[in-house]
Every structure is written in structure tokens, then in C-alpha cells.
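Student:
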DNA sequence: TATTGTTATACTCTATAACTATA
DNA sequence: TATAGTTATAGAGTATAACAATA
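Residue numbers (the working numbering), protein chains in the order written: chain A, 772 to 907; chain B, 772 to 907.
#1: Residue 810 of chain B: buried (16+ other C-beta within 10 angstroms of its C-beta) or exposed?
#2: Can you tell me where the beta strand (DSSP E) holding residue 861 of chain B begins and where it ends?
#3: Excluding five sequence neighbours on each side, which residues of the same chain lie with their C-beta closer than 6 Å to the C-beta of residue 854 of chain A?
#4: Given a limit of 7 Å on CB to CB distance, which residues of the stretch 780-809 of chain A reach chain B?
#5: For residue 850 of chain B, does the three-state DSSP call read helix, strand or coil?
#6: List, in order along the chain, the chain A residues whose C-beta lies closer than 8 Å to that of residue 841 of chain B?
#7: In three-state DSSP terms, what is residue 924 of chain B?
#8: Can you give me, in chain order, the residues of the stretch 863-885 of chain A that have a beta carbon less than 9 Å from any beta carbon in chain B?
#9: List the whole-angstrom C-beta distance separating residue 864 of chain B from residue 850 of chain B, where the pair is believed to meet the contact cut-off of C-beta under 8 Å.
#10: Which residues in the same chain as residue 848 of chain A place their Cβ atom closer than 8 Å to its Cβ, once the five residues preceding and following it in sequence are excluded?
#11: Give the interface partners of residue 900 of chain B over in chain A, defined as CB-CB distance under 7 Å, in chain order.
#12: If you run the structure through DSSP and keep just helix, strand and coil, what is residue 807 of chain A?
#13: In whole angstroms, what is the alpha-carbon distance linking residue 852 of chain A and residue 876 of chain A?
#14: What did DSSP end up calling residue 821 of chain A once you bin it into helix, strand or coil?
#15: Determine, using beta carbons only, whether residue 787 of chain A and residue 784 of chain B come nearer to each other than 8 Å.
#16: If you run the structure through DSSP and keep just helix, strand and coil, what is residue 832 of chain A?
#17: Assuming the contact rule is C-beta atoms closer than 8 Å, residue 822 of chain A and residue 781 of chain B should be a hit. Round their C-beta distance to whole Å, please.
#18: The alpha helix (DSSP H) that contains residue 794 of chain A, what's its start and end?
#19: Determine the contact status of residue 812 of chain B and residue 829 of chain B, defining contact as a CB-CB distance below 8 Å.
Here is the structure:
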């Protein structure tokens, strides 16, 4: 079929993102994690007592949509909430949460290494700077 | 906030794809189109009498999920279906569909040009080949 | 047997509005 | 006034199973 769409970088960007996201989702799925949950565990590990709102801003996820995601992390015993003041609560990993975070981190590190390996060497160092220009 | 995620090309790939997709969606929304509809109009224009199944394979969209999308294109009078054999039907743009396709094509061309312009010159030519390696 | 088009369904992701309580 | 957390809800996008008709 005649298809000019792959010549568009924006189109290929989306296809590449979808393809790689599906691969990572499959790997994280093996330990019962979704991508957003893995991202949250990594962020919370590096930022003890972070608030749900701050995490949402960092990941571009609306406050309202954080609620069910964090509830699942809490129900699994991976995070705890401690009051900061009357309206904010700090999120911190439990020991179990830290163990899962380490697993997730290892999966992600391996995935990202393999992803970069698939990029031809002459283009490899250009990928991240080019992507950065499109969203940061 | 401490955030190591942007150092991962796979993460940045997804963030960049989300950010740029949102921008294109906004522009296509001004003429009442979603991205998948624009892609379909472009593909059908280049492949008269293409089948729904073939389009789905090309865009990685399941047959079942093509039904409501194509129904909307048909309800708007942008495509017509003509029987090929007893079980297949060819899709072709109407004159109205072609007019909308041209508008969509112009929006996409402009969007893609501006997207590439945002990538620093030294990285620009590497973006598409790097992305291609991740999904094609 | 494989393919096409279709229906039904469910799950995820995302966006918006609104509310309470607190800073 | 602005922010944090929450509830409810609606719209997309996506995945699976199943079916009839046809190749």
C-alpha cells in the first residue's frame, strides 16, 4: 500500500513511542506493574514525602487521575501517606515498595539499554537531544 | 523534584510523542478531525478502493476498532464503499472527502515542518532514521 | 481454512467539573 | 485566592471474543 505517513517525523515519533511503550508494558506486566506505576515508584523513591499533586505535575497527569493510581500503590502496600499539613500528604515507599521499585528499575534500565542498541550507532547520540527539544 | 526519567530515551520518546500529538490534535480539531481520521483520509486518497482491513493493518488498528471510525467518515460523506467481492468493500474518497483531505494534509505538512524546525540543526537529520529503527 | 466486516464488551487513559478543606 | 485531595463522569483508544458470509 502506498503510505507517505512514515516520512513524517511526527508520525514516526508516535509509532515508535507506541511500539516501544508496548514492549516495556509487557516486561513490566510480568511483575504486575503498569508504566505509570513504575514511574511513580521511581519518583517517590527519589523524593520521599512528595505529594500527589507534585507527582502529577512532574508526569503531566491531572490531580484527579492520580487518585486511583496511587490508591493501587497504597493497597498493594508499596507506599504510605503521612500528613504534611492539613491538606497535603507526603508519599513514601515502604520496604516492599522499595523492593518492587528496584525490580522495576532493573527492567527499565535493561529496556532502555536495548532500545538504544537498536538505534544505528551514527544516530544514537542524537536521539535524546532531538526528543528533548520536542517536549522539555 | 529529583527526576531521572528524562534521561531515558524511551521515556523521553513517549513524552515527546504525547506533547507533539496533543499539538497536532488541537490543529486538526479546528477542522473537526481526529488524527486517525486524518491518517485515513490521506491513506484512502493514495489508495482508492482500499479495504478497511488493509487500512487497519497499515495503521496497526484492529479490524473491530476500524468500524466506528470509518462509520464516522462515511456519515460525514467523506468516503464511499463499493463492493469488491462478496466479503470485501473498497473505500474511496468523495469530492467532499478529498477537500477535507487536502485541508488535513496542509495542516499536517505545516505541523511536521514546524516540528522539525524545533529540533536543533545538528540533530535534525538523525531523528527520522533513529525513530525508524524503533518501529519499522 | 483463512479473511472480511461486524457487534458487543471491557479496560485503560485522559479531561472536565465540582466539592471540601486548608494554605 | 490558590492549592490539595477527592468524587463523578464522559470521551477516546485499545483489546478480545464471537458471529455470519465469503474467499
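Ideal placement from N, C-alpha and C gives every residue a C-beta, glycine not left out.
The structure presented is a predicted model; accordingly, all values stated were derived computationally and were not measured.
Tutor: Reading off the structure:
#1: Residue 810 of chain B counts as buried, since no fewer than 16 other beta carbons sit within 10 angstroms of its beta carbon.
#2: Counted as a single uninterrupted DSSP element, the beta strand (DSSP E) harbouring residue 861 of chain B occupies residues 860-864.
#3: Annotation for residue 854 of chain A: 860 place their beta carbon closer than 6 Å to its own, counting only its chain and skipping 5 residues before and after.
#4: So the list reads 780, 781, 783, 784, 785, 786, 787, 788, 790, 791, 792 and 795, given in the order they occur along the chain.
#5: Reduced to three states, the DSSP call for residue 850 of chain B is strand.
#6: Counting only Cβ-Cβ distances below 8 Å, residue 841 of chain B has no contacts in chain A at all, with the closest Cβ about 16 Å away.
#7: There is no way to answer for residue 924 of chain B, as the model of chain B reaches only from 772 to 907.
#8: Within the stretch 863-885 of chain A, the residues whose Cβ lies closer than 9 Å to some Cβ of chain B are 879, 880, 882 and 883, listed in chain order.
#9: The distance from the Cβ of residue 864 of chain B to that of residue 850 of chain B is about 6 Å, consistent with a contact at the 8 Å cut-off.
#10: These residues qualify, in order along the chain: 865, 867 and 868.
#11: Chain-order list of chain A residues neighbouring residue 900 of chain B: 891 and 894, by C-beta distance under 7 Å.
#12: If DSSP states are grouped into helix, strand and coil, residue 807 of chain A belongs with the helices.
#13: C-alpha separation (whole angstroms): 22 Å.
#14: Residue 821 of chain A: strand per DSSP, three-state reduction.
#15: Contact flag set, yes.
#16: Three-state DSSP puts residue 832 of chain A in coil, outside helix and strand.
#17: The pair is not a contact, with the Cβ atoms about 26 Å apart (cut-off 8 Å).
#18: Unbroken alpha helix (DSSP H) run through residue 794 of chain A: 780-800.
#19: Not a contact, by the Cβ cut-off of 8 Å.
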